[in-house]
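What follows is a single structure, written as structure tokens, with notes after it.
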Amino acid sequence: MVAVHGKATGKRKADSFRLSFDQALTNSSSRPRIMRRTAIAHIRSVYKPHFLRPPNAQKSSEEPETLQINNPADGTVVASVVSATQQDVVECISQAEQTFLSGVWSSAPAKHRSTVLSRLARSLEEQVPHIAEIESLQTGRTIREMKTQLGRLPEWLDYYSALIRTQTAFVAPTSGPIHNFVSRVPLGVVAQITPFNHPLLIAVKKIAPALAAGNSVIVKPSELAPISVLEFAEMAVEAGVPEGVLSVLPGFGSKIGEALVSDPRVKKVDITAGTATGKRIGSLVGANLSSFTAELGGKAPVVVFNDADIPSAVNGTAFASFVASGQTCVSGTRIIIQDEIYDQFVEQFLIKVASITRRIGNPMNPLSSMGTVISTRHLDRIHSMVSRTKGTVLVGGSPMQGPSPLDGFELSKGSFYPPTVISDVSLNDELWTEEVFGPVVVLQRFRSDNVGIQLANDCKYGLGASVWTSDIAKAHWASAAIQAGLVWVNTHHRNDPSSPWGGMKASGIGRENGVEALESYSQSKSTIINISSTEAMRKDDWFAESGGPARYG
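This is the structure in structure tokens:
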């Protein structure tokens, strides 16, 4: 543990920060805008698992559960989703394996798979407004966030479409009259377990390279937000992905997810989840000697040096901390600020937080700044962690109540938790050490550059981090010293299909995105051909009675 530099602020300083926040909270430059727009997404009342059922399949003796998908903003039912059964899991894997062995997709020319993925990208582009509304309704995230996020998803399909079209094999430089060419072949049936926070984004990040490589893919989406992934699977069939190549099995992870990943016919498992879940799933996968990729928990530090541009750092930190209501694995939750600018940064940051808070309203309102957390259960968990801290709660700290100043939306109906900023937190406090997965950040100050980096690394996780400085040498030094798989400089949470994404330490193993992800969904295959003449091959007799020299290996 590194030493904390004194008490972050005394009671007077904390009161001063709160006063600035309260003034900013009530200072709206315009009258509240009433938003009466209602969702127009054409959501079916009931969704079922998406997979190729075997002909003459026996009716399951197991009664399927029905998942009720609720809107976290007001508690209303969005749709019902029929959970997969244990029999569905077995049959789905069987059909996926048969489809793989048929070669209809696994052996199709890369050019064909590329064309289909490109067609799927265009279809997804057309459906972004529709899918964005589904995402907003099932997650409580703002429609502005979802339209912006989903608008980028076709890039993943286009990227892997292009990558397999330009991918080449190579010839190994072996000795002797041997031609050794190395190609990559798909793994077979692969399973993916995706979370609630970015339902379709994370699914597409995993599905795109898996399909591009020629695998049969089975997705188990979050039981809290499966609708968009089910819709995407139907779009894939319409775009030309054969039935049986992409399947979606909704259900609870403890039942459907674990049954899926435990099957030895599944050759790779790719999950995004909490670290405890990742360890449990990893042990099941390891028993089958299957491949494993895991993007797990995070507790991202945001290190703000004295020479940072404060307005840029404030805006970037607010985005890092509160986009998706803090429900991202790279959420900037530990704000580490150098002494000389601490007070100035905190004052401006709280003004920004006040602006976000007063503009929280109906998530379907395009002017709403931040949505809900995923459920009342998760809301209670967040609030319990905040309630236990011995730190100083500068702003926020309680579930939101009453009508929204933005549009009159009744916030008490939903799982709204305000941006919460806490100072004076011990390095043993769970808010410093554990993932909250909500809009809660802690402030810490430091004197020397080295201590700032020590604080950043004082964590069991190592997924994301950001550094704010105007000194390019310091930027290189700090980013190299921070133990994280992703380090942003003067920005945060940038993502691109070409940029590897994954963590160090307890944040997981393997990588999403880039060439690395495509290769993780395939394996190399060496084909070694003896190109000697017939006469030379006849002489290559290890067990010849003459006992003369012969090649070994």
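Using UniProt numbering, read the sequence shown as starting at 1 and increasing by one per residue.
Beta carbons: idealized from backbone N, C-alpha and C, even for Gly.
Quick check on residue i: buried or exposed, where buried means 16 or more other Cβ atoms within 10 Å of its Cβ?
| i | result |
| --- | --- |
| Val346 | buried |
| Leu289 | exposed |
| Tyr552 | exposed |
| Gln338 | buried |
| Glu435 | buried |
| Leu379 | buried |
| Glu234 | exposed |
| Gly176 | exposed |
| Ile227 | buried |
| Val128 | buried |
| His42 | exposed |
| Ala172 | exposed |
| Leu296 | buried |
| Glu133 | buried |
| Phe322 | buried |
| Thr534 | exposed |
Skipping 5 residues on each side, what residues in its chain have a beta carbon closer than 7 Å to that of residue i?
| i | result |
| --- | --- |
| Tyr159 | Pro497, Ser498 |
| Thr376 | Ser415 |
| Gly462 | Gln483, Ala484, Gly485, Gly503, Met504, Lys505, Ser507 |
| residue 631 | With the chain covering only 1 through 553, there is no way to say anything about residue 631. |
| Ser61 | none |
| Leu518 | Tyr160, Leu163, Pro209, Ala212, Ala213 |
| Ser479 | Val467, Val487, Val489 |
| Gln327 | Asn197, Val373, Ile374, Phe437, Gly438 |
| Asn306 | Gln338, Glu340, Ile341 |
Can the beta-carbon of residue i be found less than 8 Å from the beta-carbon of residue j?
| i | j | result |
| --- | --- | --- |
| Arg44 | Ala84 | no |
| Ile374 | Gly75 | no |
| residue 556 | Ala550 | Past the boundaries of the shown model lies residue 556; the chain is included only from 1 to 553, so the question cannot be answered. |
| Thr317 | Val302 | yes |
| Ile164 | Ala110 | yes |
| Pro54 | Gln87 | no |
| residue 612 | Glu430 | Missing from the structure shown is residue 612; the chain here goes from 1 to 553 and no further. |
| Leu308 | Trp501 | Before going on, a small fix: residue 308 reads as Ala here, not Leu. Not closer than 8 Å, so no. |
| Val104 | Gln523 | no |
| Val395 | Leu443 | no |
| Val261 | Val237 | no |
| Ser331 | Thr372 | no |
| Glu97 | Gly188 | yes |
| Ala465 | Val441 | no |
| Leu246 | Ile207 | yes |
| Tyr342 | Arg445 | yes |
| Pro405 | Arg358 | yes |
| Ala273 | Tyr521 | no |
| Val46 | Val77 | no |
| Lys390 | Ser426 | yes |
| Lys299 | Thr333 | yes |
| Ala320 | His476 | no |
| Ile218 | Cys92 | yes |
| Ile360 | Gly452 | no |
Please work out which residues of its chain come closer than 8 Å, Cβ to Cβ, to residue i, disregarding the five sequence neighbours upstream and downstream, and give them in chain order.
| i | result |
| --- | --- |
| Gln348 | Ile310, Pro311, Val314 |
| Ile34 | Residue placement at Ile34 cannot be trusted, given a pLDDT of 36 that sits under 50; what the coordinates show is reported in the next sentence. Excluding positions up to five away in sequence, the list reads Asp407, Gly408. |
| Ala225 | Ile69, Glu135, Gln138, Thr139, Phe196, Pro199, Ile374 |
| Ser30 | Residue placement at Ser30 is flagged as unreliable, the pLDDT there being 42, under the threshold of 50; a coordinate-derived value is accordingly withheld. |
| Thr174 | Asn180, Ile528 |
| Ile531 | Pro177, Ile178, His179 |
| Ser183 | Ala169, Ser524, Lys525, Thr527 |
Is the Cβ of residue i closer than 8 Å to any Cβ of chain B?
| i | result |
| --- | --- |
| Ile529 | This model lacks chain B altogether; it includes just one protein chain. |
Among the residues of its own chain, which have a CB less than 6 Å from the CB of residue i, if the five just before and after it don't count?
| i | result |
| --- | --- |
| Val204 | Leu153, Trp156 |
| Thr527 | Phe181 |
| Glu223 | Leu67, Phe252 |
| Thr142 | Pro363, Ser368, Gly371 |
| Leu52 | Gln95, Glu243, Gly244 |
| Asn513 | Pro497, Ser499, Pro500, Trp501 |
Can you check DSSP and say which residues form a bridge with residue i?
| i | result |
| --- | --- |
| Ala550 | According to DSSP, which records beta bridges pairwise, Ala550 is partnered with nothing at all. |
| Ala294 | Ile271, Ile509 |
| Trp105 | Trp105 is not bridged to any residue. |
| Lys525 | Ser183 |
| Val487 | Ala465 |
| Val248 | His50, Val219 |
| Ala172 | Asn180 |
| Met504 | Gly462 |
| Ile193 | Lys220, Ile271 |
* **Stretch-stretch touch, CB-based, cutoff 8 Å, three pairs: the stretch 167-184 with the stretch 252-259** => no
* Asked: Would you call the stretch 138-152 and the stretch 359-367 touching, i.e. three or more CB-CB distances under 8 Å?
  -> yes
* At least 3 beta-carbon pairs within less than 8 Å: the stretch 395-407 vs the stretch 449-456 -> no
* To do: For the stretch 207-218 and the stretch 278-294, state whether three or more C-beta atom pairs, one from each stretch, are separated by less than 8 Å.
  => no
* To do: Determine contact between the stretch 224-244 and the stretch 264-277, defined as no fewer than three beta-carbon pairs at a distance below 8 Å.
  => no
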